[in-house]
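Taking it in order: structure first as structure tokens, then the write-up.
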Amino acid sequence: MRLVAVGRMKDKSERALVERYLKRLRPALDIVELPDGRGSPDEIKRREAQAILAACPVHSHVVALDEGGRTYSSVAFATSLAAWQDAGRTPCFVIGGAEGLDSSVLQRADATLSFGTLTWPHMLVRIMLVEQVYRAQAIAAGHPYHRAGRPD
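Here's what the structure looks like:
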């Protein structure tokens, strides 16, 4: 699996949280960090989109994180992640920069994912995504990390 994210994770405590879950993921999640774009908001989105699309493997199942995207329960996300992997297409999650994702990235996306209508810092979204991917794997494996009897 792959995560393509605009911005570099510099804070040690944030990086430690991501690493905590990355160590547990099988298959592994490869993180590609892209530099923040420069220029006007439209130019930033265009440049970041070019870099994002170039970092996504050609036959991958691109999942764009977008506030207008689909909201999943943890169980539904686990089911979807398993289906994407079973289809033989590597999941490639995409997190844009502060200006959001360019329409070309959303058009390329095979799915969208939203963590709700609240605005989240990009580094926190990265942590939340990695944890949810781990949770999805735990659900699929029947591991007690996710308590299936509790509401999502």
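If you read the sequence shown in this note's numbering, its first letter stands for residue 7, the second for the next number, and so on.
Idealized CB from N, CA, C, for every residue including glycine.
Please read these numbers as outputs of a predicted model, since none were measured by experiment.
Is the beta carbon of residue i less than 8 Å from the beta carbon of residue j?
i      : j      : result
Ser109 : Leu59  : no
Ser120 : Thr96  : no
Leu71  : Ile50  : no
Arg76  : Thr118 : yes
Ser79  : His152 : no
Asp116 : Val68  : yes
Leu28  : Leu135 : no
Pro33  : Met7   : yes
Taking the beta carbon of residue i as the centre, do at least 16 other beta carbons fall within 10 Å, making it buried, or is it exposed?
i      : result
Glu160 : There is simply no residue 160 to check, as the chain begins at 7 and stops at 158 in what is shown.
Arg44  : exposed
Gly74  : exposed
Val64  : exposed
Gly122 : exposed
Gln113 : exposed
Ala142 : buried
Gly148 : exposed
What do you reckon, is the C-beta of residue i under 7 Å from a heavy atom of the ligand NAP?
i     : result
Val64 : Ligands are entirely absent from the displayed structure, and the ligand NAP is therefore not among its contents.
Tell me the rounded alpha-carbon separation between residue i and residue j.
i      : j      : result
Pro93  : Glu137 : The identity of residue 93 in the sequence shown is Ala, whereas the question assumes Pro. Computed Cα separation, rounded: 23 Å.
Thr125 : Arg132 : 13 Å
Ala61  : Leu87  : 20 Å
Gly13  : Asp42  : 5 Å
Met129 : Gly103 : 10 Å
Which whole-angstrom value is the C-beta distance of residue i and residue j, which I expect to be below 8 Å?
i     : j      : result
Arg21 : Tyr140 : About 16 Å separates the two Cβ atoms, so there is no contact after all.
Leu40 : Glu54  : 7 Å
Ile37 : Ala84  : Actually they do not touch by this definition, with Cβ atoms about 21 Å apart.
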